[in-house]
Amino acid sequence: MARPNKQGFPEWNPTNKTLSMLSNISEKVRYKALRNSSSAFINRKDVRDAIFSRDNNKCIICGSTDNLQIDHIHSVYSVIKGQYPLERLNSEENLRTLCNHCNASKIP
Ligand SMILES: [Zn+2]
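This is the structure in structure tokens:
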């Protein structure tokens, strides 16, 4: 789907099943399909390594190095709502490093 960028960030390739679920009329089905595919991608070691390393292995909000997670800047929900393009959801520019505390705090 998205072409690899110059840094060689891994490409997210939704499966045909995910893509077919994304054309479902139900928002709930589309959200679930996208969230599952997206989580599988951002839990990949190469993806985590790339984002953590770019962000110096710390939370970009508070600087903590504990319990780091990958967060979508524009959420899965915003894609379902048509507010952010699907092909950018799991791009390097839409992912950031947050600690679990900041992630849970939903700081924009
Ligand atoms: Zn934090």
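In terms of our numbering, the sequence shown has 293 at position 24, counting the first letter as 1, and numbering is strictly consecutive. Heads up, the beta-carbon is just placed ideally off N, CA and C, and yes, glycines get one too.
For cysteine 371, DSSP assigns no beta-bridge partner whatsoever.
Bridge partners of aspartate 340 according to DSSP: Arg365. Straight-line spacing of the CA atoms in asparagine 369 and phenylalanine 278 works out to 23 Å. Counting the other Cβ atoms within 10 Å of the Cβ of arginine 313 gives fewer than 16, which makes it exposed. Remark: the C-beta of isoleucine 342 is outside contact range of ligand 1, defined as less than 7 Å to any heavy atom. Of the other Cβ atoms in all chains shown, 16 or more fall within 10 Å of the Cβ of cysteine 328; this residue is therefore buried.
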